[in-house]
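For the protein sequence lines, the chains are L and G, in the order given.
To convert, take the position in the first sequence, counting from 1, and add 1086; that gives my numbering.
To convert, take the position in the second sequence, counting from 1, and add 1086; that gives my numbering.
Backbone N, C-alpha and C define an ideal beta-carbon position, used for all residues, glycine too.
Here the structure is a predicted model, which means the values were calculated and not measured.
Some notes on the structure that comes next.
Protein chains: 2
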Amino acid sequence: MKLVFLGTSGSMPTERRGSCSAVLKVGRDLIMLDCGEGTQRQMVRAHVGFRRNMVVLVSHLHGDHVLGLPGLLQTMSLLGRDKRLDIYGPEGLISYVKAFSEALGGPTFPVILHEVHEPGVVYEDEDLRVTAAASSHTLEGWSYSVLEKPRPGRFHPEKARALGVPEGPLWHTLQHGEDVEVEGRVVEAGMVADPPRRGRKVVYSGDTRPTAELVELARGADVLVHEATFAEELAERAREDGHSTTVEAAGVARDAGVRLLVLTHLSSRYPEPGGLLDEARKVFARVVIAEDLMELEVPLDEVAEAA
Amino acid sequence: MKLVFLGTSGSMPTERRGSCSAVLKVGRDLIMLDCGEGTQRQMVRAHVGFRRNMVVLVSHLHGDHVLGLPGLLQTMSLLGRDKRLDIYGPEGLISYVKAFSEALGGPTFPVILHEVHEPGVVYEDEDLRVTAAASSHTLEGWSYSVLEKPRPGRFHPEKARALGVPEGPLWHTLQHGEDVEVEGRVVEAGMVADPPRRGRKVVYSGDTRPTAELVELARGADVLVHEATFAEELAERAREDGHSTTVEAAGVARDAGVRLLVLTHLSSRYPEPGGLLDEARKVFARVVIAEDLMELEVPLDEVAEAA
């Protein structure tokens, strides 16, 4: 699992930071978190392909978070994508995509739009579960958690052999945590494989004030990507504009007990973000500032928690 | 007069080239030629301000030429622009701008949209005249010429003094090419100033096949910015897609007798454009390939042509 930041600016792009977007690579698949202007070009730069299985999670319908969608769909069309693309976002998503598609021509592959109307699970497949919680901004929006489902623990072939289990379908069954029978004896999965590994969890705040809902959503996350539009001295401005300060973002990370906090959506007034980092660090030590094209391996916890 | 290329890619951006846009700086004012995705960020990089007097000329309503408009208008709004902005383009421009403004919130300053319905002069002020000619693409579009009006010739104060003209309003009159009377004698403008200088001319093709109309529009231009999506070996593809090859663009430049040809809108299949340049050069020697953030001083012709 790898998180790639494509754009990390606040409402206006700067020389250093493009409009907001990130992708979470899960194997060969992609979960995109917002899609600000310039996202498609950053995907080229980050060598993120346009033909992969992909789901887009839109936090809210402000231009700096969604103006990259038309170009992304156009480029995918030009490249002949035929796989469906699912986009999740707040009410208004459908009319936004319809508006630019009608004006400029729509995509030539299936784009499925899902408006999220209530908190809870919005997307689920074999490997992942995406959950939304309401954000608190100047218009309706959602924060998202992406939770990997528990995966089988590490399999030890030598132990299976020692217990007389022949290589083949029985190994496969054991690898998936189920017991097998060999010549009348039961071989338990736990005898030849480590306990299941907990899934990794990445949470994205979108633009928001710090809220109890977000703390709950982010509980125990490996990575919390949280907006920090302003330094603490602009706390009042943050409150007025429905944004968070460095210190507020760090407070969410601390209260949720996350492993790593990544600050993004920095206002263009901070060309050098060192001061922001120092502020946040006083509240929560494990914090970094996102940079465009920064890649972050989401660490696999080998310690079994599901055991 | 300076031409600044903001994006020079074909329909898809690449690592090296962003979507199509250029600005012509005329003194402190700006004429923008198309506004592809990412234009606002390139403006930041090129130190082109968001509060200047500005006119946007849109060649046609394909995404790679207009997807930067929503973000540009949003950023201008956030920065508190109050000056009007005039945008010219083909039919459909109004419904496009209306569509994204309704979906995401419109600009907070006056944006005046002008749909161009026939060739001829579309915009004129004290200094400039903008003329449109129909392009030949897969949908309605326009090529534009920006022609500076003739400017007064260089004024020689020492000659005025020698002829007894006192510094002040009379100098101003002479500088603007009009004769004055001093103590009963007529002093002609031509006695103290060089002949008027012809205005500079910059022409932008948009996406198009080479046409007689474009040759006419570009006649004698200082700079012709012409699309060259394909190399000559893809001439048939160019014909099918309503684009031009290097050699076709060079032919337009040659037939129009321009001073400099700049090739832009290069397909992403040409990461290294050296071969394209060589092809074009065989037909027309004074040719360069546009690069993102390239700046080009449009030379002032000191030789009076209006004399």
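Within-8 angstroms CB hit, residue i to chain L
{"i": "G/Met1098", "result": "yes"}
{"i": "G/Leu1190", "result": "yes"}
{"i": "G/Pro1156", "result": "yes"}
{"i": "G/Leu1171", "result": "no"}
{"i": "G/Ala1390", "result": "The predicted position of G/Ala1390 is uncertain, since its pLDDT is 37 and thus under 50; no value can be drawn from it."}
{"i": "G/Gly1166", "result": "no"}
{"i": "G/Ser1353", "result": "no"}
{"i": "G/Arg1137", "result": "no"}
{"i": "G/Tyr1356", "result": "no"}
{"i": "G/Tyr1182", "result": "yes"}
{"i": "G/Phe1186", "result": "yes"}
{"i": "G/Arg1147", "result": "Sequence check: residue 1147 of chain G is Leu here, not Arg. Closer than 8 angstroms: yes."}
{"i": "G/Leu1153", "result": "yes"}
Chain-order list of residues whose beta-carbon lies under 7 angstroms from that of residue i (same chain, five-residue window excluded)
{"i": "L/Arg1367", "result": "Val1373"}
{"i": "G/Val1389", "result": "In this predicted model, G/Val1389 has a pLDDT of only 40, less than 50, meaning its place in the structure is not dependable enough to derive any value."}
{"i": "G/Ala1246", "result": "Trp1257, Leu1260, Val1278"}
{"i": "L/Val1333", "result": "Glu1318, Glu1365, Ala1366, Val1369"}
{"i": "G/Ser1163", "result": "Pro1193, Thr1194, Phe1195"}
{"i": "G/Leu1159", "result": "Pro1193, Val1197"}
{"i": "G/Val1266", "result": "Val1251, Leu1256, Thr1259, Leu1260, Val1273"}
Exposure of residue i, with buried meaning 16 or more beta-carbon neighbours within 10 Å
{"i": "G/Ala1219", "result": "buried"}
{"i": "L/Pro1196", "result": "exposed"}
{"i": "G/His1312", "result": "buried"}
{"i": "G/Ile1375", "result": "buried"}
{"i": "L/Ile1173", "result": "buried"}
{"i": "G/Thr1224", "result": "exposed"}
{"i": "G/Pro1176", "result": "buried"}
{"i": "G/Glu1322", "result": "exposed"}
{"i": "L/Pro1357", "result": "exposed"}
{"i": "G/Val1268", "result": "exposed"}
{"i": "L/Pro1099", "result": "buried"}
{"i": "L/Arg1167", "result": "buried"}
{"i": "L/Glu1391", "result": "Low confidence applies to L/Glu1391: its pLDDT is 39, below 50, so where it sits in the model is not reliable, and the reading given next is rough at best. Classification for L/Glu1391: exposed."}
{"i": "G/Arg1283", "result": "buried"}
{"i": "G/Asp1120", "result": "buried"}
{"i": "L/Lys1235", "result": "exposed"}
Endpoints, the alpha helix (DSSP H) within which residue i is located
{"i": "G/Ala1307", "result": "Looking at the DSSP string, G/Ala1307 is not in any alpha helix (DSSP H), and its letter there is neither H nor E."}
{"i": "L/Tyr1089", "result": "The question names Tyr, but residue 1089 of chain L is Leu in the sequence shown. No alpha helix (DSSP H) contains L/Leu1089, which is instead part of the beta strand (DSSP E) from 1088-1093."}
{"i": "G/Ser1353", "result": "Run containing G/Ser1353: none; DSSP gives neither H nor E here."}
{"i": "G/Glu1188", "result": "1179-1190"}
{"i": "G/Lys1368", "result": "1360-1369"}
{"i": "G/Gly1157", "result": "1155-1164"}
Contact with chain G by residue i, beta-carbon distance below 8 angstroms
{"i": "L/Thr1224", "result": "no"}
{"i": "L/Glu1123", "result": "yes"}
{"i": "L/Arg1340", "result": "no"}
{"i": "L/Arg1247", "result": "no"}
{"i": "L/Ala1393", "result": "Low confidence applies to L/Ala1393: its pLDDT is 31, below 50, so where it sits in the model is not reliable enough to give any reading."}
{"i": "L/Arg1127", "result": "yes"}
{"i": "L/Val1144", "result": "no"}
{"i": "L/Arg1367", "result": "no"}
Partner residues on chain C for residue i, Cβ-Cβ distance less than 7 angstroms
{"i": "G/Thr1161", "result": "Of the protein chains in the structure, L and G, none is chain C."}
Same chain only: Cβ atoms within 6 angstroms of residue i, ignoring 5 sequence neighbours per side
{"i": "G/Met1118", "result": "Val1109, Val1142"}
{"i": "L/Glu1383", "result": "Lys1088"}
{"i": "G/Ala1304", "result": "Val1289, Leu1310, Ala1342, Val1344"}
{"i": "G/His1200", "result": "Tyr1174"}
{"i": "L/Ala1393", "result": "Reliability fails at L/Ala1393, whose pLDDT of 31 lies under 50, so the model's placement of it is uncertain and the value that follows must be treated cautiously. Hits under 6 angstroms: Pro1281."}
{"i": "L/Leu1346", "result": "Val1309, Arg1372"}
{"i": "L/Leu1165", "result": "Phe1136"}
Rounded distance between the beta-carbons of residue j and residue i, thought under 8 angstroms
{"i": "L/Ser1095", "j": "L/Arg1103", "result": "4 angstroms"}
{"i": "L/Thr1331", "j": "L/Ala1317", "result": "6 angstroms"}
{"i": "G/Gly1157", "j": "L/Leu1155", "result": "Not quite, the Cβ-Cβ distance comes to about 12 angstroms (not below 8 angstroms), so this is no contact."}
{"i": "L/Ser1105", "j": "L/Glu1123", "result": "5 angstroms"}
{"i": "G/Ala1185", "j": "L/Phe1186", "result": "6 angstroms"}
Bounding residues of the beta strand (DSSP E) (the contiguous stretch that carries residue i)
{"i": "L/His1200", "result": "1197-1201"}
{"i": "L/Met1380", "result": "That residue, L/Met1380, is in no beta strand (DSSP E); it is neither H nor E in DSSP."}
{"i": "G/Val1207", "result": "1206-1210"}
{"i": "G/Gly1175", "result": "1171-1175"}
{"i": "L/Arg1215", "result": "1214-1220"}
{"i": "L/Met1098", "result": "Premise fails: L/Met1098 is in no beta strand (DSSP E) and is neither H nor E."}
{"i": "L/Val1052", "result": "Nothing about residue 1052 of chain L can be read from this structure; chain L reaches only from 1087 to 1393."}
{"i": "G/Lys1287", "result": "1287-1290"}
Contacts around residue i, its chain only, beta-carbon distance under 8 angstroms, and the 5 residues preceding and following it disregarded
{"i": "G/Arg1325", "result": "Arg1295"}
{"i": "L/Ile1180", "result": "Leu1199, Glu1201"}
{"i": "L/Leu1379", "result": "Val1090, Phe1091, Leu1092, Gln1128, Arg1131, Ala1132"}
Residue i: CB within 7 angstroms of a non-hydrogen atom of the ligand ATP
{"i": "G/Met1129", "result": "This structure does not include the ligand ATP; it has no bound ligands of any sort."}
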